[in-house]
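If you count by the UniProt record's numbering, then the sequence shown holds residues 1 to 339, one letter each, in order. What follows is one structure encoded as structure tokens, with my remarks underneath.
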Amino acid sequence: MKRPTIADVAQRAGVSKGAVSYALNGQPGVSEATRQRILAIATEIGFSRSSAARALSAATAGAIGLALCRPARTLGVEPFFMALISGVEAELSARSYALTLQVVADPDAEIAVYRRWWGERRVDGVLVCDLRTDDRRIPALEQLQLPAVVIGGPGGTGELASLWSDDAAALTETVEYLAALGHRRIARVAGLPDLRHTEIRTDAFAAVCQRLGLVDAVTVWSDYTGEEGGRATRRLLSSAGRPTAVIYDNDVMAIAGLSVAQEMGLTVPGDLSIVAWDDSPLCRLVHPPLTALGRDIPAYGAHAARQLLAVVAGQPAGRVQDETPHLTPRGSTAPPRVR
Numbered sequence: 001m002k003r004p005t006i007a008d009v010a011q012r013a014g015v016s017k018g019a020v021s022y023a024l025n026g027q028p029g030v031s032e033a034t035r036q037r038i039l040a041i042a043t044e045i046g047f048s049r050s051s052a053a054r055a056l057s058a059a060t061a062g063a064i065g066l067a068l069c070r071p072a073r074t075l076g077v078e079p080f081f082m083a084l085i086s087g088v089e090a091e092l093s094a095r096s097y098a099l100t101l102q103v104v105a106d107p108d109a110e111i112a113v114y115r116r117w118w119g120e121r122r123v124d125g126v127l128v129c130d131l132r133t134d135d136r137r138i139p140a141l142e143q144l145q146l147p148a149v150v151i152g153g154p155g156g157t158g159e160l161a162s163l164w165s166d167d168a169a170a171l172t173e174t175v176e177y178l179a180a181l182g183h184r185r186i187a188r189v190a191g192l193p194d195l196r197h198t199e200i201r202t203d204a205f206a207a208v209c210q211r212l213g214l215v216d217a218v219t220v221w222s223d224y225t226g227e228e229g230g231r232a233t234r235r236l237l238s239s240a241g242r243p244t245a246v247i248y249d250n251d252v253m254a255i256a257g258l259s260v261a262q263e264m265g266l267t268v269p270g271d272l273s274i275v276a277w278d279d280s281p282l283c284r285l286v287h288p289p290l291t292a293l294g295r296d297i298p299a300y301g302a303h304a305a306r307q308l309l310a311v312v313a314g315q316p317a318g319r320v321q322d323e324t325p326h327l328t329p330r331g332s333t334a335p336p337r338v339r
């Protein structure tokens, strides 16, 4: 007679194999009633985990997971994530670990991926990107007891470990620099509004503009793509109170903004100064080269991977502040032309 398998238990119970694994291993992720039903069915059909299977479940997976809730087309053109992943890979490969990467459609799908990975022992821990306001992934990961490091903050990460940089200080420095050049009408093309780092930058932008008396400052939201960044720029430059400087939340949108300004017959930096967030080779290849906020993103990814491996090894979860992005002035910023 064929030996019963975990798939047989799952089919009889009407649940996933991951749920059966939670129940058999005493992990969170299923209700107590479901756990008892699964255990009863396993006993009824004579399912018994072999010693080899028990040893396998106790062993490490030798991999960490990264689920990205971004359109694949965005990931393909945004240098930030490629640089971050390169740093993660460099750290992991030096320790004989692998990276399991998956693109998901929404936070619910991302949580489902975490449950499956952890239930099937595919990863030893996960890196969490794009922290959101009231992020429901955080309590889900805490309930699963899945080792994790959140790349983002400060705040909003619950009891999970986190790695973050001071975006508020970097944004404040940038506005102060533009104001020192003489700019009074400064705009910002932001990323997705529900992301925690977007909220932090927005609050910092409003605070420093109020302190400096920049009453015409405005923030508009986009999705990090060149298309939306270009549209936002066109609307700003077509308005009655056209800004003399624009800060973009990533390099792709900044380059699109530069193209739109030139298309509209404006000179950069004579008529419009441009600052990009997340310096990249793209910022240095365009003309004029873009003033940008930069940091060592591969090193940032390596630090996150190192921190996660420490959590996997049983070290206490910590909240680590990494390098603050620094401003590098280039040819895209100058004092505004007198009108």
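A virtual CB, placed ideally from N, CA and C, is assigned to each residue, including glycine.
So, using beta-carbon positions, are T219 and R188 closer together than 8 Å? As a first step, residue 219 is located in the sequence shown; it is residue number 219 there, counting from the start. As a first step, residue 188 is located in the sequence shown; it is residue number 188 there, counting from the start. Contact: yes.
Assign T230 to one of two classes, buried (16 or more other C-beta atoms within 10 Å of its C-beta) or exposed (fewer than that). Within the sequence shown, numbered from 1, the residue matching residue 230 stands at position 230. First, the residue type needs correcting, since residue 230 is Gly and not Thr in the sequence shown. Per the 10 Å Cβ criterion, buried.
Nearest-angstrom Cα distance between D251 and A217? Taking the first residue of the sequence shown as 1, we reach residue 251 at position 251. Taking the first residue of the sequence shown as 1, we reach residue 217 at position 217. In this structure, the alpha-carbon of D251 lies about 21 Å from that of A217.
Please state whether DSSP places R185 in a helix, a strand or coil. Counted from its first residue, the sequence shown places residue 185 at position 185. For R185, the secondary structure class from DSSP, reduced to helix, strand or coil, is coil.
Helix or strand or just coil, what does DSSP make of S162? Counting from 1 along the sequence shown, the entry for residue 162 is found at position 162. Looking at S162 - three-state DSSP - the assignment turns out to be strand.
Should H197 go down as buried or exposed, given a rule of 16 or more other Cβ atoms within 10 Å for buried? Position 197 of the sequence shown, counted from the start, is the residue given in the question as residue 197. Around the beta-carbon of H197, 16 or more other beta-carbon atoms lie within 10 Å, marking it buried.
What is the residue span of the alpha helix (DSSP H) that S273 lies within? On the sequence shown, residue 273 is found 273 positions in, with the first residue counted as 1. Segment S273 to W277 is the beta strand (DSSP E) holding S273; no alpha helix (DSSP H) there.
Below 8 Å between beta carbons: does that hold for T291 and T333? Working through the sequence shown from its first residue, we reach residue 291 at position 291. Working through the sequence shown from its first residue, we reach residue 333 at position 333. Closer than 8 Å, so yes.
Tell me whether A170 is buried or exposed, calling it buried when 16 or more other Cβ atoms sit within 10 Å of its Cβ. Counting from 1 along the sequence shown, the entry for residue 170 is found at position 170. Buried, because 16 or more other Cβ atoms sit within 10 Å of the Cβ of A170.
Take D296 and list the residues in its own chain whose beta-carbon comes closer than 6 Å to its own, dropping the five residues that flank it on each side. For this step, residue 296 is matched to residue 296 along the sequence shown. A distance below 6 Å between beta-carbons, with the five flanking residues on each side excluded, links D296 to no residue of its chain.
Would you call I151 buried or exposed, if buried means 16 or more other Cβ atoms sit within 10 Å of its Cβ? By 1-based counting over the sequence shown, the position of residue 151 is 151. Looking at its Cβ environment, which holds 16 or more other Cβ atoms inside 10 Å, I151 is buried.
Can you find the residues in the same chain that come closer than 8 Å, C-beta to C-beta, to Y114, ignoring five residues on each side of it along the sequence? By 1-based counting over the sequence shown, the position of residue 114 is 114. Cβ neighbours of Y114 beyond the five flanking positions: G65, A67, V126, R137, A140, L141, L144 and L146.
If you draw a straight line from the C-alpha of F81 to the C-alpha of A42, how long is it? As a first step, residue 81 is located in the sequence shown; it is residue number 81 there, counting from the start. As a first step, residue 42 is located in the sequence shown; it is residue number 42 there, counting from the start. In a straight line, the C-alpha of F81 is about 44 Å away from that of A42.
Could you check what DSSP says for R70 in three-state terms: helix, strand or coil? Residue numbering aside, residue 70 sits at position 70 when the sequence shown is read from its first letter. Three-state result, R70: coil.
Assuming V275 contacts T174 under a Cβ cut-off of 8 Å, what Cβ separation, rounded to an integer in Å, is found between them? Counted from its first residue, the sequence shown places residue 275 at position 275. Counted from its first residue, the sequence shown places residue 174 at position 174. With a Cβ gap of about 6 Å, V275 and T174 count as contacting.
Alpha carbon to alpha carbon, what distance is there between L131 and V149? Counting from 1 along the sequence shown, the entry for residue 149 is found at position 149. Counting from 1 along the sequence shown, the entry for residue 131 is found at position 131. Roughly 11 Å between the two C-alpha positions.
Report the option in P154, A98, P298 and D167 whose CA atom is closest to the CA atom of R201. Residue mapping note: residue 201 aligns to position 201 of the sequence shown, counting from 1. If we check each option's Cα against that of R201, D167 comes out closest.
Considering only the alpha carbon of each residue, which of E91, D279, W164 and D108 lies closest to G318? Here residue 318 is taken as the residue at index 318 of the sequence shown, counted from 1. Nearest option by C-alpha distance: W164.
Could you tell me which of V268, D322, A254 and E78 sits nearest to T244, measuring between CA atoms? For the purposes of this step, residue 244 is taken as the residue at position 244 of the sequence shown. Minimum Cα distance to T244 is reached at V268.
May I have the straight-line CA-CA distance separating E227 from V20, to the nearest angstrom? Position 227 of the sequence shown holds residue 227. Position 20 of the sequence shown holds residue 20. Whole-angstrom Cα-Cα distance: 45 Å.
Cβ neighbours of G182 in the same chain (closer than 8 Å, five flanking residues each side left out): As a position in the sequence shown, residue 182 is number 182, starting the count at 1. Result list for G182: P335 and P336, in chain order.
Taking the alpha-carbon of A304 as reference, which of S280, R235 and S162 has the nearest alpha-carbon? In the sequence shown, counting from the first residue as 1, residue 304 sits at position 304. Here the closest residue by C-alpha is S162.
Give the range of the alpha helix (DSSP H) segment to which Q36 is assigned. Taking the first residue of the sequence shown as 1, we reach residue 36 at position 36. Here the alpha helix (DSSP H) through Q36 covers E32 to E44.
Terminal residues of the continuous beta strand (DSSP E) containing T219? One-based indexing of the sequence shown puts residue 219 at position 219. Segment V218 to W221, the beta strand (DSSP E) holding T219.
Contacting residues, own chain, Cβ-Cβ under 7 Å from D135 (five flanking each side not counted): What you label residue 135 is simply residue 135 of the sequence shown in a count that begins at 1. Excluding sequence neighbours, D135 sits near G156.
Three-way DSSP call (helix, strand, coil) for G257 in this model: Residue numbering aside, residue 257 sits at position 257 when the sequence shown is read from its first letter. Reduced to three states, the DSSP call for G257 is helix.
Report the option in A310, S96, S280 and S239 whose CA atom is closest to the CA atom of A63. For the purposes of this step, residue 63 is taken as the residue at position 63 of the sequence shown. Each of A310, S96, S280 and S239 was checked against the Cα of A63, and the nearest Cα belongs to S96.
How big is the Cα-Cα spacing for A10 and D278? Taking the first residue of the sequence shown as position 1, residue 10 is located at position 10. Taking the first residue of the sequence shown as position 1, residue 278 is located at position 278. Their backbone Cα atoms lie some 47 Å apart in a straight line.
Residue 355 to D124 span [Cα, whole Å]: There is simply no residue 355 to check, as the chain begins at 1 and stops at 339 in what is shown.
Note the first and the last residue of the continuous beta strand (DSSP E) segment covering G294. Taking the first residue of the sequence shown as 1, we reach residue 294 at position 294. Counting along the chain, the beta strand (DSSP E) containing G294 begins and ends at T291 to G294.
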